[in-house]
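A.B. asks: Protein chains in written order, with my numbering: chain A, -3 to 734; chain B, 2 to 224.
For glycine and all other residues, C-beta sits at the position ideal for the given N, C-alpha and C.
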């Protein structure tokens, strides 16, 4: 016990205290072995944070390793702060998605705001200027008493942070389902652009080099955030509010500008933001990646409050802080930049050659841990799992036809999961930086690469109801839909980031969902040359034993070489031919039609044929890039009917759709959710169909654009105005409910 | 011609403003850091959008008391054109260069969308590119854009032709009194407006209806 201060000595490490730190008996035994003695409270805190599910990925790592992470476009795959891909002309895109689910449920505004702040830091830490934010949100049933409070707080929090820092929030997705009543999902994604030869990594190096702390002061907020995010909720989760951090986007803006200014010099050896588990994880990760040691003098940490203990200093998750290893002798130059931006700057330690994390406080050593085993011997579990039982295939003959197909369409475009999200995205500044070429509401957001005619396309996708019915097909579908959404604007898909949101992995049923979804994602990513370059895992999304739907969110990034050769979903003029690409069998299992109109949430989801996805998508993208497509939309929720309705509502120009092909019932034609399909508006449909047929791509003429209504099979009609009313009115009316 | 963009900590439309000025004037504006107490002789000063000093206290309130604002006031008093957009407008009202205040939006939420504006007064260098009565579409993006002044002040602004832009009827995004979107000072050389003309200079972004403000300024200042 020579390495403990009086303060630390006072706290006895009891089995209860170990359990409170989320460590199992076996894990604690491993700690004793690594330390060769009993840890003090600070050291226990460091192990607890580093070995939390949130930081160690201990339940998911064995599955994550199966994902493809390589490709000629990949500059840096998973393991750094964010993924890096080559986007040509000497530039790289740096991007990642990250969850802030648990804190956002407890305190929606700050939880969501700091989620955005955290992901922004992950991206600018690597040297990129953030150019776009996206998000993927899941809330409980609209009927649940907390839902409106959570929607309003989360949206305000995302906006409050992104708007202030001046990075546009250009899109995302939002869904409602009772399975999220006790655990909402807030996944935030940031995309940044850097010079490909000026990317910053986190590996510390050069014994003797100064370790510098910059940004906000450290307070007592967010202590144990990572541990909190690694456990189920119960009735008392409200009491965890103090573990939620408080964000200050103004300070983050200053930190971002100061870091980018410092990065323009060559003074930095390594840089890492302080996110989950604060100084602990940043210090340990930098030392571990560089195979060096770090010695920190905790007295030198800028503190917001008096009397903070080493334990609190190491585990605080105060926001807007960074840790930097500078080259020797560059402190004055770096300090001047941070002082210009009125930020704290403190040399708090040195890189050492001992391979140990050594913590000093009031002249004593209060922590001394060998870094390698702390990181490398972190527990890793191949948890038992049960395959998800297959759901029955639902035949179209067993699904009732609607009384009025246009009434059904109107209901589908106005249902909570399809209604316009305008109420949400009008609260986000989606235009600042003046490069937003396609705003929220289309298949992908399109953000111009500043000063060029090239652009990035960005999308977030997941269909949890498919994943619940069949995690593997659902995992494939999430990847395929992201790839399609990028393709539908004419982008070449480059890579993905993913956010795996699941329940308690210690339950074999949940672990089976994780195993299935990750396998499906891997299969699809390999087939579509769409590697995973970054990601995040959020487990224990359960309350009182009730788990969320399995929700693997895919954040997809694509490249557009010529902004004049991109299209939107909006029908631009009358008299265009509507061409449907891909096979339509009328798959209604797990469809929106089945749930919203027939009132049945059941059945196997549509199978994903990745060969067809690739062939059909490559064909569509080729046409768009050749400038031969006037509008394009991928077919997903709500099928052909919803797609054509959205294309018409986007511009106000209507369309006529042909009747179902012989042998297919009209509700299967309109609402089937068969995959690998696109609807295009083109000048000369016959030529394109002939080319498609020659290329082995299923294509058919399905109608024409024109008028101010949608007419199907010559008889069923609905005005665009009526569709729009249904589509636009639900969310504002829901949020305005007294 | 020499133009400048004032940069406060928390400004975030400074780059967009610089792009718009450079496109129109052919030379990049000087980017003036908030701690600069003296300004060179300038032909145009732009206060950009954003969240100066975090907009703590009240939007624009701290920036209005910063050292650089004294220098901006001196130049405005000499007749140099000054335009404040969004947070820049808030800084101008907080500093007393323009009358009235910008309160929280009537809907209490941040609002980012295109709005239809009606050009009211063309009697200033800022409006030379527009025709009175012209309708243009320019985006807004703000939380505190609800313009308010007492009736006497509003009557005087209207009577003196100092309302530069109004939101089109039924397209008032924030509850501003008399649909006012932008106003001029008495001398006509200081303009404050909530909508963002600098975001509307490019068909690949938000359209081009804001461009005439900058090209018109080039003509007016050359005249």
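#1: Regarding residue 184/A and the ligand COA, is the C-beta to nearest heavy atom distance less than 6 Å?
#2: Is the CB of residue 88/B under 7 Å away from at least one CB in chain A?
#3: Using a Cβ-Cβ cut-off of 7 Å (strictly less than) and excluding sequence neighbours within five positions of residue 736/A, which residues of its own chain qualify?
#4: So, does the CB of residue 112/B fall closer than 7 Å to a CB anywhere in chain A?
#5: Between which two residues does the beta strand (DSSP E) harbouring residue 297/A extend?
#6: Considering Cα atoms alone, identify which of 514/A, 554/A and 402/A is closest to residue 641/A.
#7: Under the rule that 16 or more other beta-carbon atoms within 10 Å means buried, what is residue 607/A, buried or exposed?
#8: Quick one: Cα of residue 78/A to Cα of residue 197/B, how far?
#9: Which whole-angstrom value is the C-beta distance of residue 167/A and residue 454/A, which I expect to be below 8 Å?
#10: Restricting to Cα atoms, I'd like to know which of 248/A, 13/A, 48/A and 211/A is closest to residue 35/A.
#11: Need the endpoints of the alpha helix (DSSP H) that residue 717/A sits in, please.
#12: Can you tell me which of 298/A, 635/A, 478/A and 682/A puts its alpha carbon nearest to the alpha carbon of residue 669/A?
#13: If I measure Cβ to Cβ from residue 262/A and keep anything under 7 Å in the same chain, skipping five residues before and after, which residues do I get?
#14: On the criterion of 16 or more Cβ atoms from any shown chain inside 10 Å, does residue 269/A qualify as buried, or is it exposed?
#15: Would you kindly check if the distance between the Cβ of residue 363/A and the Cβ of residue 609/A is under 7 Å?
#16: Nearest chain B C-beta to residue 627/A closer than 7 Å, yes or no?
#17: Whole-angstrom Cβ separation of residue 197/A and residue 319/A, contact assumed at under 8 Å?
#18: Since residue 314/A contacts residue 215/A with CB under 8 Å, what's their CB separation in whole angstroms?
#19: Round the Cβ separation of residue 92/A and residue 515/A to the nearest angstrom and send it over; I've been treating them as touching at under 8 Å.
#20: With the cut-off set at 7 Å, would you say residue 3/B and residue 48/B are in Cβ contact?
#21: Alpha carbon to alpha carbon, how far is residue 424/A from residue 106/A? Give it in angstroms, no decimals.
#22: Residue 117/B versus chain A: which residues are under 7 Å apart at the beta carbon?
#23: Count Cβ pairs between the segment 42 to 57 of chain A and the segment 454 to 463 of chain A that sit closer than 8 Å; are there 3 or more?
#24: Please classify residue 188/B: does DSSP put it in a helix, a strand, or coil?
#25: For residue 30/B, collect the residues of the same chain with a Cβ closer than 6 Å to its Cβ; drop the 5 residues on either side in sequence, then sort them by chain order.
#26: Going by DSSP, which residues form a beta bridge with residue 449/A?
#27: Roughly how many whole angstroms lie between the Cα atoms of residue 147/A and residue 293/A?
#28: Do residue 201/B and residue 259/B count as a contact pair if the criterion is CB distance below 7 Å?
#29: Whole angstroms is fine: what's the gap from residue 735/A's alpha carbon to residue 308/A's?
#30: Taking beta-carbon pairs under 7 Å, can you tell me which members of the segment 20 to 37 of chain B lie near chain A?
#31: Which same chain residues end up closer than 7 Å to residue 26/B when comparing Cβ atoms and leaving out the 5 residues on each side of it in sequence?
#32: Go through its chain and collect everything with a Cβ distance to residue 135/B's Cβ below 6 Å, but skip five positions before and after it.
#33: Going by CA-CA distance only, name the one from 287/A, 120/A and 422/A that's closest to residue 251/A.
#34: Would you mind sorting residue 732/A into buried or exposed? The rule is 16 or more other CB atoms within 10 Å of its CB.
#35: Among 295/A, 102/A, 375/A and 150/A, which residue has its Cα nearest to the Cα of residue 19/A?
#36: At least one CB of chain B closer than 7 Å to the CB of residue 423/A: is that the case?
C.D. replies: This is what the structure gives:
#1: As presented, the structure is devoid of all ligands, the ligand COA included, so that no description of it is given.
#2: So no, residue 88/B is outside the interface.
#3: This structure does not reach residue 736/A, given that chain A is present from -3 up to 734, and the question cannot be answered.
#4: Closer than 7 Å to some Cβ of chain A, the Cβ of residue 112/B qualifies, so yes.
#5: Where residue 297/A is concerned, there is no enclosing beta strand (DSSP E), given that its DSSP letter is neither H nor E.
#6: Of the candidates 514/A, 554/A and 402/A, the one whose C-alpha sits nearest the C-alpha of residue 641/A is 402/A.
#7: So residue 607/A ends up on the exposed side.
#8: When rounded, the distance between both Cα atoms is 33 Å.
#9: Contact between residue 167/A and residue 454/A holds: CB atoms are separated by about 7 Å, below the 8 Å threshold.
#10: Sorting 248/A, 13/A, 48/A and 211/A by C-alpha distance to the C-alpha of residue 35/A places 13/A at the top.
#11: Segment 716 to 732, the alpha helix (DSSP H) holding residue 717/A.
#12: Nearest C-alpha to residue 669/A: 635/A.
#13: Correct list: empty, nothing qualifies.
#14: Counting Cβ neighbours within 10 Å, residue 269/A comes out buried, since at least 16 surround it.
#15: Against a cut-off of 7 Å, the Cβ pair of residue 363/A and residue 609/A comes out as no contact.
#16: No, residue 627/A does not count as interfacial toward chain B.
#17: The pair is not a contact, with the Cβ atoms about 13 Å apart (cut-off 8 Å).
#18: 5 Å between Cβ atoms; contact.
#19: Actually they are not in contact, since the Cβ atoms of residue 92/A and residue 515/A sit about 22 Å apart, beyond 8 Å.
#20: With respect to the 7 Å criterion, residue 3/B and residue 48/B are not classified as neighbours on the basis of their beta carbons.
#21: Whole-angstrom Cα-Cα distance: 16 Å.
#22: What residue 117/B touches in chain A: nothing, since even the nearest Cβ is about 15 Å away.
#23: No, they do not touch.
#24: Note: residue 188/B maps to coil in three-state DSSP.
#25: 4, 5, 6, 19 and 22.
#26: Note: residue 449/A sits in no beta bridge, so no partner.
#27: Answer to the nearest angstrom: the Cα atoms are 42 Å apart.
#28: Shown here, chain B extends from 2 to 224; a query on residue 259/B therefore has no answer.
#29: Outside the shown range of chain A (-3 to 734) lies residue 735/A, about which nothing can therefore be said.
#30: Listed by position along the chain: 20.
#31: So the qualifying residues of the chain are 2, 4 and 219.
#32: Hits under 6 Å: 120.
#33: For the set 287/A, 120/A and 422/A, the Cα lying nearest the Cα of residue 251/A is the one of 120/A.
#34: Burial call: exposed.
#35: Nearest C-alpha to residue 19/A among 295/A, 102/A, 375/A and 150/A: 375/A.
#36: Yes, its Cβ sits closer than 7 Å to a Cβ of chain B.
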